[in-house]
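Asks: This is the structure I want to talk about, given as structure tokens.
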Amino acid sequence: MTVAVASGKGGTGKTTIATNLAMVAAERYGHVTLLDCDVEEPNSHIFIKGQKTKEEVVNIKIPEVDESICTECGACSNFCQYNAIVSLKGRPVVFKEMCHSCGGCSLVCQPKAIHEVDHRIGLINFYSAGKISLIYGLLDVGSPLSPPLIGAVKRHENKNALNIIDAPPGTSCPVIEAIKDADFIILVTEPTPFGLNDLVLAVEVSRKLNKKFAVAINRVGSGDDRVHKYCKEENIPIILEIPDDRRIAELYSNGYTIFENLPEYRKSFEEALISVDGVIQNG
Amino acid sequence: MDNRPREIVVISGKGGTGKTSISASLAYLSKDCIVADCDVDAADLYLLLRPISIEKHDFYSGHIAEINQDKCTGCGTCKALCRFDAIKENNNSKFSVEPASCEGCKVCVEFCPENAIDFPERLCGEWMRSETRVGFMVHAKLGIAAENSGKLVALIRGETKKLAQEKGKNLIIIDGPPGVGCPVIASVTGATDVLVVTEPTLSGIHDLERVLSLANHFRIKPLVCINKFDINPEMSEKIESVAKDLDAKVIGKIRYDKLVTKAQIEAKTIVEADIPSSQDIIDMWERLKSN
Numbered sequence: 004m005t006v007a008v009a010s011g012k013g014g015t016g017k018t019t020i021a022t023n024l025a026m027v028a029a030e031r032y033g034h035v036t037l038l039d040c041d042v043e044e045p046n047s048h049i050f051i052k053g054q055k056t057k058e059e060v061v062n063i064k065i066p067e068v069d070e071s072i073c074t075e076c077g078a079c080s081n082f083c084q085y086n087a088i089v090s091l092k093g094r095p096v097v098f099k100e101m102c103h104s105c106g107g108c109s110l111v112c113q114p115k116a117i118h119e120v121d122h123r124i125g126l127i128n129f130y131s132a133g134k135i136s137l138i139y140g141l142l143d144v145g146s147p148l149s150p151p152l153i154g155a156v157k158r159h160e161n162k163n164a165l166n167i168i169d170a171p172p173g174t175s176c177p178v179i180e181a182i183k184d185a186d187f188i189i190l191v192t193e194p195t196p197f198g199l200n201d202l203v204l205a206v207e208v209s210r211k212l213n214k215k216f217a218v219a220i221n222r223v224g225s226g227d228d229r230v231h232k233y234c235k236e237e238n239i240p241i242i243l244e245i246p247d248d249r250r251i252a253e254l255y256s257n258g259y260t261i262f263e264n265l266p267e268y269r270k271s272f273e274e275a276l277i278s279v280d281g282v283i284q285n286g
Numbered sequence: 014m015d016n017r018p019r020e021i022v023v024i025s026g027k028g029g030t031g032k033t034s035i036s037a038s039l040a041y042l043s044k045d046c047i048v049a050d051c052d053v054d055a056a057d058l059y060l061l062l063r064p065i066s067i068e069k070h071d072f073y074s075g076h077i078a079e080i081n082q083d084k085c086t087g088c089g090t091c092k093a094l095c096r097f098d099a100i101k102e103n104n105n106s107k108f109s110v111e112p113a114s115c116e117g118c119k120v121c122v123e124f125c126p127e128n129a130i131d132f133p134e135r136l137c138g139e140w141m142r143s144e145t146r147v148g149f150m151v152h153a154k155l156g157i158a159a160e161n162s163g164k165l166v167a168l169i170r171g172e173t174k175k176l177a178q179e180k181g182k183n184l185i186i187i188d189g190p191p192g193v194g195c196p197v198i199a200s201v202t203g204a205t206d207v208l209v210v211t212e213p214t215l216s217g218i219h220d221l222e223r224v225l226s227l228a229n230h231f232r233i234k235p236l237v238c239i240n241k242f243d244i245n246p247e248m249s250e251k252i253e254s255v256a257k258d259l260d261a262k263v264i265g266k267i268r269y270d271k272l273v274t275k276a277q278i279e280a281k282t283i284v285e286a287d288i289p290s291s292q293d294i295i296d297m298w299e300r301l302k303s304n
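Here is the structure:
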């Protein structure tokens, strides 16, 4: 089973919750896979310290035109929806950063002048940290498209055990790619106007994808009760509340987990995990 | 002579470092700018600036495949060719498109032997021209689970420039998106100034390094603001050296201030709330102006 930790707003505590839940899960189930799908800015590896076991380059397929075969008919550039292949004075030119790797241009090319070649977009790093396997994607800087890399990270899910996904922020394509196959989504927010605004968006995304979800509120006490009220009105369970505790902020800033350093919070992470487990098992 | 307006784009790498609160404050201090929200995924600037919209426009981007169930024979060509796993088989052994996964590439449309697939334009959201107490604002609402936030960012920046020209303003302040991907690239390309807001945490530094190399990649000389610099002075020092190594100038340091949240609840910018951290932002603004 797979639990995704997501949020509309950035910086609400996705990584904090994903890494601490992974530690609790490792103790409880003996093994857990943590997939960091925030490939633009992955941070889980800062908190889960392990041994790197391997890395894998992720490529997408992009077109290459054989000019000796090309008849300059323009079918490829007419077809491409992303302006990734453009006819300049008749000759097709590939803009690889724009390519979505749909394969359309090579399919429509009658003389078969287009074949596909690998284009690197990022890396997947594999770490082993005791009972936690950490797998994280790292998008190459300057490469705009994160969803194919997120998809590649997700292919390393462990089908027989618990997976936790640390999702990217936002509500568009990268988030959808990260959470669309999850069994359960934890939406992290904070008790502020920005937090509520972006939570509402994240709830709409989860509902649109027909996902089971619950809310985790971070820095409780720093703002007001608008998020609590909203969850109550919408009948959304709150499965975890983390208070606004300066010690947590200090641990975070230095790359340490709550689980290992503030044992008084372990219980709330355990209870969150148990309630997620319960919902997934019992529907 | 270059007489395009100055365009300050506020980004962060890591989310939640304070981009929106700082952008709103800078817009307030400038007294004479056009402000825009390019964090279209999680647009929060409107909560502080309370815009009153003057114009609303639909935002269409790309197309979406739709399989006509009456014409579909269930041959499965579409599913075999789709690289985005966007085609699902229905109970009636016909096929349909999963809108959230469809990237509008047109391959299924082109190769459906029954011509059973329509390809309408995709409504991805709406964008607005508005008035606020700090000046005109351009902002948007991306549809839920919509695609192409990069294109919407490009559109907002274009509209902001048009508006600046119309109103004779020579300063634009943009609240940008987090990350280093498509919407960020769309936000920074061609900007005159990029201000990166970071925080003194290991994650903050990690993400700052990536976003500064992105700026270098696009030959932009970024400025750095360390928000909440005093929560970890040692990390703040590290940030200064990272910034120096990556050819970025630290232009502001803002103290940690619990009252920032209170200002947000009151829908005020930090500088309007007149709280301890206001002064740090005013100081940064003075340096920014003369930079």
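So the protein sequences, as listed, match chains A and B. Everything in the first sequence is counted per the numbering used here, starting at 4 for the first residue and increasing by one. Everything in the second sequence is counted per the numbering used here, starting at 14 for the first residue and increasing by one. The beta-carbon is built from N, C-alpha and C at its ideal position, and this holds for glycine as well.
Return helix, strand or coil for residue 188 of chain A, following the three-state DSSP convention.
Replies: The residue given as residue 188 of chain A occupies position 185 in the first sequence. Three-state result, residue 188 of chain A: strand.
Asks: At a cut of 8 angstroms, does the region 192 to 208 of chain A reach the region 54 to 65 of chain B through at least three beta carbon pairs?
Replies: Taking 8 angstroms as the limit for Cβ pairs, the verdict is that the region 54 to 65 of chain B does touch the region 192 to 208 of chain A.
Asks: Taking the alpha carbon of residue 184 of chain A as the reference point, which residue from A:32, A:164, A:235, A:154 has its own alpha carbon closest?
Replies: On the first sequence, residue 184 of chain A is found 181 positions in, with the first residue counted as 1. Taking only the C-alpha atoms, the option nearest residue 184 of chain A is A:154.
Asks: So with Cβ pairs under 9 angstroms, would you call residue 25 of chain A a contact of chain B?
Replies: Along the first sequence, read from residue 1 onward, the residue named residue 25 of chain A stands at position 22. No - not a single Cβ of chain B is within 9 angstroms of the one on residue 25 of chain A.
Asks: In the DSSP output, which residue or residues are listed as bridge partners for residue 19 of chain B?
Replies: Stepping through the second sequence from its first residue, residue 19 of chain B is reached at position 6. According to DSSP, which records beta bridges pairwise, residue 19 of chain B is partnered with B:184.
Asks: Using 8 angstroms as the threshold, is the region 139 to 157 of chain A in touch with the region 27 to 46 of chain A, meaning 3 or more CB pairs across them?
Replies: The region 139 to 157 of chain A, when compared against the region 27 to 46 of chain A, does touch it at the 8 angstroms Cβ threshold.
Asks: Any residues in the region 190 to 204 of chain B with a beta carbon nearer than 9 angstroms to a beta carbon of chain A? Which ones, in chain order?
Replies: Within the region 190 to 204 of chain B, the qualifying residues are 190, 191, 192, 193, 194, 195, 196, 197, 198, 199.
Asks: Should residue 150 of chain B and residue 48 of chain B be called a contact, given that it needs their Cβ atoms to be closer than 9 angstroms?
Replies: For the purposes of this step, residue 150 of chain B is taken as residue 137 along the second sequence, with counting starting at 1. For the purposes of this step, residue 48 of chain B is taken as residue 35 along the second sequence, with counting starting at 1. A contact, by the Cβ cut-off of 9 angstroms.
Asks: Please list the terminal residues of the continuous alpha helix (DSSP H) segment that includes residue 42 of chain A.
Replies: The residue given as residue 42 of chain A occupies position 39 in the first sequence. Where residue 42 of chain A is concerned, there is no enclosing alpha helix (DSSP H), given that its DSSP letter is neither H nor E.
Asks: Let's see if you can read the secondary structure: which residues bound the beta strand (DSSP E) around residue 1 of chain A?
Replies: Residue 1 of chain A lies beyond the residue range present for chain A, which begins at 4 and ends at 286; the question has no answer from this structure.
Asks: Residues in the region 108 to 139 of chain B with C-beta within 8 angstroms of chain A's C-beta atoms, listed in sequence order?
Replies: Those would be 113, 114, 116, 117, 118, 119, 120, 123, 124, in chain order.
Asks: Counting along the chain, where does the alpha helix (DSSP H) carrying residue 231 of chain A start and finish?
Replies: Taking the first sequence and counting its residues from 1, one reaches residue 231 of chain A at position 228. Start and end: 229 to 237.
Asks: Find out if the Cβ-Cβ distance for the pair residue 36 of chain A, residue 167 of chain A is shorter than 9 angstroms.
Replies: Your numbering for residue 36 of chain A matches position 33 in the first sequence. Your numbering for residue 167 of chain A matches position 164 in the first sequence. A contact, by the Cβ cut-off of 9 angstroms.
Asks: With a floor of 4 residues, list each alpha helix (DSSP H) that falls wholly inside the region 32 to 57 of chain B, ordered by position along the chain.
Replies: Entirely contained in the region 32 to 57 of chain B, the alpha helix (DSSP H) runs reaching 4 residues are, in chain order, 32 to 43.
Asks: Would you tell me roughly how many angstroms separate the C-alpha atoms of residue 248 of chain B and residue 68 of chain A, rounded to the nearest one?
Replies: Against the second sequence, residue 248 of chain B aligns to sequence position 235. Against the first sequence, residue 68 of chain A aligns to sequence position 65. Roughly 49 angstroms separates the two Cα atoms.
Asks: Is it buried or exposed for residue 255 of chain A, if we count other Cβ within 10 angstroms and need 16 for buried?
Replies: Counting from one through the first sequence, the residue named residue 255 of chain A turns up at place 252. With 16 or more other Cβ atoms within 10 Å, it is buried.
Asks: Taking its Cβ as the centre, do 16 or more other Cβ atoms sit within 10 Å of residue 32 of chain A, making it buried, or is it exposed?
Replies: As a working note, residue 32 of chain A is residue 29 in the first sequence. Answer is exposed; the Cβ neighbour count stays below 16.
Asks: What first and last residue would you give for the beta strand (DSSP E) that runs through residue 134 of chain B?
Replies: Here the question's residue 134 of chain B lines up with position 121 in the second sequence. It spans 134 to 145 - the beta strand (DSSP E) in which residue 134 of chain B sits, taken as one unbroken run.
Asks: Could you round the C-beta distance between residue 186 of chain B and residue 40 of chain B to whole angstroms and report it? I think they count as a contact, below 8 angstroms.
Replies: Mapped onto the second sequence, residue 186 of chain B falls at position 173. Mapped onto the second sequence, residue 40 of chain B falls at position 27. With 8 angstroms as the limit, residue 186 of chain B and residue 40 of chain B qualify as a contact, their Cβ atoms being about 5 angstroms apart.
Asks: From residue 97 of chain A to residue 55 of chain A, what does the alpha carbon distance come to, in whole angstroms?
Replies: Here residue 97 of chain A refers to the residue found at position 94 of the first sequence. Here residue 55 of chain A refers to the residue found at position 52 of the first sequence. In a straight line, the C-alpha of residue 97 of chain A is about 36 angstroms away from that of residue 55 of chain A.
Asks: Ordered along the chain, which non-local residues of its own chain (more than five positions away) have a Cβ less than 6 angstroms from that of residue 16 of chain A?
Replies: Numbered from 1 along the first sequence, position 13 holds the residue referred to as residue 16 of chain A. Excluding residues within five positions, the ones whose Cβ falls inside 6 angstroms are 191, 221.
Asks: Give the C-beta separation of residue 117 of chain A and residue 66 of chain A to the nearest angstrom, bearing in mind that I take them to be a contact with Cβ-Cβ under 8 angstroms.
Replies: Mapped onto the first sequence, residue 117 of chain A falls at position 114. Mapped onto the first sequence, residue 66 of chain A falls at position 63. At roughly 5 angstroms, the Cβ-Cβ gap stays under 8 angstroms, so residue 117 of chain A and residue 66 of chain A are in contact.
Asks: Can you round the beta-carbon distance between residue 289 of chain B and residue 260 of chain B to whole angstroms, since I take them to be within the 8 angstroms contact cut?
Replies: For the purposes of this step, residue 289 of chain B is taken as the residue at position 276 of the second sequence. For the purposes of this step, residue 260 of chain B is taken as the residue at position 247 of the second sequence. Their Cβ separation, rounded to whole angstroms, is 31 angstroms, which puts residue 289 of chain B and residue 260 of chain B out of contact at 8 angstroms.
Asks: Under 7 angstroms Cβ to Cβ from residue 287 of chain B, same chain only, skipping five residues before and after it: list those, please.
Replies: Here the question's residue 287 of chain B lines up with position 274 in the second sequence. Contacts found: none.
Asks: Any chance you could list the beta strand (DSSP E) runs of at least 3 consecutive residues sitting entirely within the region 149 to 214 of chain B, in chain order?
Replies: Here the runs fully enclosed are 184 to 188, 206 to 211.
Asks: Between which two residues does the alpha helix (DSSP H) carrying residue 154 of chain A extend?
Replies: What you label residue 154 of chain A is simply residue 151 of the first sequence in a count that begins at 1. Note, residue 154 of chain A: alpha helix (DSSP H), 150 to 157.
Asks: Starting from residue 238 of chain B and walking both ways along the beta strand (DSSP E), at which residues does that stretch end?
Replies: On the second sequence, position 225 is the one that residue 238 of chain B refers to. Start and end: 236 to 240.
Asks: Residue range of the alpha helix (DSSP H) that residue 290 of chain B falls in?
Replies: Position 277 of the second sequence holds residue 290 of chain B. Where residue 290 of chain B is concerned, the enclosing alpha helix (DSSP H) stretches over 289 to 303.
Asks: Less than 9 angstroms between the beta carbons of residue 221 of chain B and residue 197 of chain B, yes or no?
Replies: In the second sequence, counting from the first residue as 1, residue 221 of chain B sits at position 208. In the second sequence, counting from the first residue as 1, residue 197 of chain B sits at position 184. Contact flag unset, no.
Asks: Where DSSP assigns a beta bridge to residue 131 of chain B, which residues make up the other side?
Replies: Working through the second sequence from its first residue, we reach residue 131 of chain B at position 118. Paired residues: B:79.
Asks: Could you please give the first and the last residue of the uninterrupted beta strand (DSSP E) stretch that includes residue 131 of chain A?
Replies: Along the first sequence, one-based indexing puts residue 131 of chain A at 128. That run of the beta strand (DSSP E) goes 117 to 132.
Asks: Buried or exposed for residue 157 of chain A, please, with buried defined as at least 16 other CB atoms from any protein chain shown within 10 angstroms of its CB.
Replies: By 1-based counting over the first sequence, the position of residue 157 of chain A is 154. So residue 157 of chain A ends up on the buried side.
Asks: Taking residue 12 of chain A and residue 153 of chain B to be in contact with their CB atoms under 8 angstroms, please state how far apart those CB atoms are, rounded to whole angstroms.
Replies: As a working mapping, residue 12 of chain A is identified with position 9 in the first sequence. As a working mapping, residue 153 of chain B is identified with position 140 in the second sequence. 17 angstroms between Cβ atoms; not a contact.
Asks: So, using beta-carbon positions, are residue 19 of chain A and residue 155 of chain B closer together than 9 angstroms?
Replies: Within the first sequence, numbered from 1, the residue matching residue 19 of chain A stands at position 16. Within the second sequence, numbered from 1, the residue matching residue 155 of chain B stands at position 142. It is not a contact, given that the beta carbons lie outside the stated cut-off.
Asks: Just curious, the alpha helix (DSSP H) that residue 113 of chain B is in, first and last residue?
Replies: If you number the second sequence from 1, residue 113 of chain B lands on position 100. Per DSSP, residue 113 of chain B belongs to no alpha helix (DSSP H) and is neither H nor E.
Asks: According to the neighbour-count rule (16 or more other Cβ atoms, all chains shown, within 10 Å of its Cβ), is residue 249 of chain A buried or exposed?
Replies: Residue 249 of chain A sits at position 246 when you count from the first residue of the first sequence. So residue 249 of chain A ends up on the exposed side.
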